[in-house]
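Quick notes on the structure that follows.
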Amino acid sequence: MKSSKNFIGKFLPEVIIFTFAVLICHYSGNRGIFPIDSLGHFDNGYRILLGDHPFKDYWVVSGPIIDYFQSLLFFLLGVNWQTYILNASLLNGLVSLVTYYLLKNLGLEKKLSFFYTICFSILAYPSSGTPFVDQHSTFLSILALYVFILAMKNNNDYLWFLIPILMTFSFLSKQVPAAYILITIIMILIYHFLFTSKEKNLRILFILFISSIFIISVIYFFFTMNSISIQNFLDQYINFPRADIGKSRYVELSYGIKNIFLDYKFIYIVLIFQTLLIFLSIKKKINFFSDISFKIFLISLFLFACLVQHLLVTKNQIFIFFLIPLFSGFAQVQLANVKFKNQKYFTIFLIILCFATTYKYHYRFNVERKFHELNTVDFTKSVEAKKLSNKLNGLQWITPGTKTKKQANEEINYLLNAKEILKNDKKNKLIITNFSIFSVLLNEKTNSYSRWYPGTNNSAFPTKGNIFFQNYQKFIKNIILKKKINNIYVLADVNEYNLLNYINLKCLDRMVLENNILKFNVDRICLRNTKS
792 MKSSKNFIGK
802 FLPEVIIFTF
812 AVLICHYSGN
822 RGIFPIDSLG
832 HFDNGYRILL
842 GDHPFKDYWV
852 VSGPIIDYFQ
862 SLLFFLLGVN
872 WQTYILNASL
882 LNGLVSLVTY
892 YLLKNLGLEK
902 KLSFFYTICF
912 SILAYPSSGT
922 PFVDQHSTFL
932 SILALYVFIL
942 AMKNNNDYLW
952 FLIPILMTFS
962 FLSKQVPAAY
972 ILITIIMILI
982 YHFLFTSKEK
992 NLRILFILFI
1002 SSIFIISVIY
1012 FFFTMNSISI
1022 QNFLDQYINF
1032 PRADIGKSRY
1042 VELSYGIKNI
1052 FLDYKFIYIV
1062 LIFQTLLIFL
1072 SIKKKINFFS
1082 DISFKIFLIS
1092 LFLFACLVQH
1102 LLVTKNQIFI
1112 FFLIPLFSGF
1122 AQVQLANVKF
1132 KNQKYFTIFL
1142 IILCFATTYK
1152 YHYRFNVERK
1162 FHELNTVDFT
1172 KSVEAKKLSN
1182 KLNGLQWITP
1192 GTKTKKQANE
1202 EINYLLNAKE
1212 ILKNDKKNKL
1222 IITNFSIFSV
1232 LLNEKTNSYS
1242 RWYPGTNNSA
1252 FPTKGNIFFQ
1262 NYQKFIKNII
1272 LKKKINNIYV
1282 LADVNEYNLL
1292 NYINLKCLDR
1302 MVLENNILKF
1312 NVDRICLRNT
1322 KS
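Going by the working numbering, the sequence shown opens with residue 792, and the numbers climb by one from there.
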């Protein structure tokens, strides 16, 4: 008991930071859902426990590492909503904890490190609250950047070894911004090599090479053990996104004053402040360009550019306001190294700016839930999700567009009705919906062949005219035949063309059930004999 008290006393700031970061993210994750985004990993995390795998049993263009971590959490802590959002909360806690450690290691006093880290934890993963590929990729990349900074500063072999592993996990969460940030690391590493000896550089490259071979070998072994086709991985995760999603989005990309400057004005204020401090440091310190402070400044600039570019391409809600406390912390470190008159007023300015913006964006994203399009709903109209299942206990059920409590209850009743229909069907079935909760609710595989069904948006899987259309069509057909699917259900939130564009209607017997739930009886002999 005494040793545990000593531990808590010694690491009290760390304990508070981690606990707070987990709880604030949990708070956010329980406030409503945007089904297609909020539920993207809920069923799939459970399906992995039942023996399914991404790339083999469902088409994915992002997020496999999140699914696997979710399955681990479900295995250890039970299958329920609170375990689900713990996926996001734990990463928020981890990245906040390492932020605090980094700022302290760079020389910032504990109180200021604690303040900036708490602000960071409020604006980081809570903007989503539920596992989300963009946030996961971003924060794993930022962890890699933190390790990179510490490795350059302390020249620690173990830290260099961690970088490829973290970046691989980031890439397997989502290809971008991980790829952008990897380029940043490579560029800064080359710059770092200009100021270190040839022997050290060769040692670092050797460690990075060994680490890269290690993590690639682990992934290859894992794929082999679970019969996951490398070609499926390449087609779904590399070739299709690169040839179609990325290409089309870059064609539509446009830059303007608002989406480049005005949307990020407070981040720019801190970056300008950092820049001024850098110029002051250059005058006062010999060989400043080889100093870790200048490298951190370059990393800050590149990180900001990477994340802005990512948001412009994906057209997602802005979630990078956590850069304000992070960059403020970096500026505060630099401020401590530059002595000039009235220095304390600059510290006060940074603290006030950070506090005010944290409050502003906390309310907008964590309370109003803007990231998941919930900022127009009245949360007093939400209902307890445990009405649908005790496994959803703690979640305030309300979705975008809900105006009244009656509408929220009607949605719950619709899903309860669908659950009953599906439960009574004892045959092998496949369920198509963005309410990805039925594997968990029914304790069985839904056999859904895609993580998402985003309507006219072609970002989740190939549509007609795409060079990978036939690959996806064959993928669906193989799943239906391999899993001996008798019935396919399409819920009202998804259009039936998500099925009929790929499977010939002559092999399906279409029925309309209550509440516009569609049921298709599958003639597998017809499907087997019909050319894709």
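From the three backbone atoms N, C-alpha and C, an ideal C-beta is built for every residue, glycine too.
Classify residue i as buried or exposed, calling it buried when 16 or more other Cβ atoms lie within 10 Å of its own Cβ.
i: threonine 890; result: buried
i: alanine 1283; result: exposed
i: glutamate 1202; result: buried
i: methionine 943; result: buried
i: phenylalanine 1064; result: buried
i: glutamine 1125; result: buried
i: serine 745; result: As displayed, the chain neither begins before 792 nor continues past 1323, which places residue 745 out of reach and without an answer.
i: aspartate 1324; result: The shown model of the chain, from 792 to 1323, leaves out residue 1324, and the question about it has no answer.
i: aspartate 948; result: exposed
i: asparagine 821; result: buried
i: alanine 879; result: buried
i: alanine 1325; result: Only positions 792 to 1323 of the chain appear in the structure, and residue 1325 is not among them; the question remains open.
i: valine 1303; result: exposed
i: lysine 965; result: buried
i: tyrosine 1136; result: exposed
i: glycine 836; result: buried
i: isoleucine 1051; result: exposed
i: serine 819; result: buried
i: threonine 1321; result: exposed
i: valine 1009; result: exposed
i: phenylalanine 1324; result: Since the first residue of the chain shown is 792 and the last is 1323, residue 1324 is not available in this structure.
i: asparagine 1262; result: buried
Beta-carbon within less than 8 Å of residue i's beta-carbon, same chain only, minus the 5 sequence neighbours each way: which residues are those?
i: leucine 877; result: Val813, His817, Leu864, Leu868
i: lysine 991; result: Asn946
i: leucine 1233; result: Lys1210, Leu1213, Lys1214
i: threonine 1066; result: Phe1088
i: threonine 1195; result: Lys1172
i: isoleucine 1058; result: Phe1095, Ile1111, Phe1112, Leu1114, Ile1115, Phe1118
i: leucine 841; result: Ser1230, Glu1235, Lys1236
i: leucine 1296; result: none
Leaving out five residues on either side along the sequence, give the residues of the same chain with a beta carbon under 6 Å from the beta carbon of residue i.
i: alanine 789; result: With the chain running from 792 to 1323 in the structure shown, residue 789 is simply not present.
i: asparagine 1307; result: Ala1283
i: glycine 831; result: Arg1242
i: glutamate 1287; result: Val1281, Leu1309
i: tyrosine 937; result: Val889, Leu893
i: phenylalanine 1311; result: Ile1279, Leu1299, Arg1301
i: phenylalanine 962; result: Ala969
i: threonine 908; result: Ile808, Ser887, Thr890, Tyr891
i: histidine 1153; result: Ile913
i: arginine 838; result: Ser1230, Lys1236
i: lysine 847; result: Ile1019
i: tyrosine 1028; result: none
i: serine 1072; result: Phe1079, Val1129
Between residue i and residue j, which are expected to be in contact by the criterion C-beta below 8 Å, what is the C-beta distance as a whole number of angstroms?
i: leucine 1206; j: leucine 1179; result: 6 Å
i: threonine 1149; j: leucine 899; result: Between leucine 899 and threonine 1149 the Cβ distance is about 17 Å, and since that is not below 8 Å, they are no contact.
i: phenylalanine 1156; j: serine 918; result: 4 Å
i: tyrosine 1244; j: isoleucine 1223; result: 6 Å
i: asparagine 1166; j: glutamate 1175; result: About 22 Å; that fails the 8 Å criterion.
Ordered along the chain, which non-local residues of its own chain (more than five positions away) have a Cβ less than 7 Å from that of residue i?
i: phenylalanine 939; result: Ile954, Ile976
i: leucine 1272; result: Arg1315, Leu1318, Arg1319
i: glutamine 873; result: Gly1185
i: asparagine 1177; result: The sequence given here has lysine at residue 1177, not asparagine. Excluding sequence neighbours, lysine 1177 sits near Leu1183, Asn1184.
i: serine 1081; result: Phe986
i: asparagine 1107; result: Asp925
i: histidine 1101; result: Val967, Pro968, Tyr971
i: leucine 1068; result: Ala1122, Gln1125, Leu1126, Val1129
i: phenylalanine 984; result: Asn992
i: alanine 1034; result: Ile1258
i: isoleucine 857; result: His832, Asn878, Pro922, Val924, His927, Ser964
i: phenylalanine 811; result: Ile909, Ser912
Closer than 8 Å, CB to CB, is residue i near chain B or not?
i: methionine 1302; result: Structure shown: chain B not included; a single protein chain is present.
Under 7 Å: does the beta carbon of residue i sit that close to some heavy atom of the ligand ATP?
i: valine 851; result: This structure does not include the ligand ATP; it has no bound ligands of any sort.
Count Cβ pairs between the stretch 1255-1264 and the stretch 853-868 that sit closer than 8 Å; are there 3 or more? When C-beta atoms of the stretch 1255-1264 are compared with those of the stretch 853-868, fewer than three pairs fall below 8 Å, so the two segments do not count as touching.
Three Cβ pairs or more, each shorter than 8 Å: is that satisfied between the stretch 846-861 and the stretch 917-932? Between the stretch 846-861 and the stretch 917-932 there are three or more inter-stretch CB-CB distances shorter than 8 Å, so the stretches are counted as touching.
Uninterrupted alpha helix (DSSP H) stretches inside the stretch 1015-1059 (no shorter than 4 residues): Runs found: 1021-1024, 1037-1042, 1048-1051.
Would you say the stretch 1134-1147 touches the stretch 1162-1178, given that touching needs at least three Cβ pairs under 8 Å? Because the criterion of three Cβ pairs below 8 Å is not met, the stretch 1134-1147 and the stretch 1162-1178 do not touch.
Report the start-end ranges of each alpha helix (DSSP H) in the stretch 879-929 that is 4 residues or longer and not cut off at the edges. Whole alpha helix (DSSP H) segments, 4+ residues: 901-914.
Are at least three pairs of beta-carbons, each pair with one atom in the stretch 1083-1091 and one in the stretch 1113-1132, less than 8 Å apart? With the cut-off at 8 Å, the stretch 1083-1091 and the stretch 1113-1132 touch.
Across the stretch 984-1003 and the stretch 885-899, are there enough close Cβ pairs to call them in contact, namely three or more that are closer than 8 Å? Under the Cβ criterion (8 Å, minimum of three pairs), the stretch 984-1003 does not count as touching the stretch 885-899.
Contained beta strand (DSSP E) runs [length at least 3] in the stretch 1239-1317, N- to C-terminal order: The DSSP assignment places 1278-1281, 1299-1303, 1309-1313 as complete runs of the beta strand (DSSP E) inside the stretch 1239-1317, in order along the chain (cut-off: 3 residues).
Can you check the stretch 1177-1218 for any alpha helix (DSSP H) of at least 4 residues that lies completely inside it and give the ranges in chain order? List check, alpha helix (DSSP H) in window: 1196-1215.
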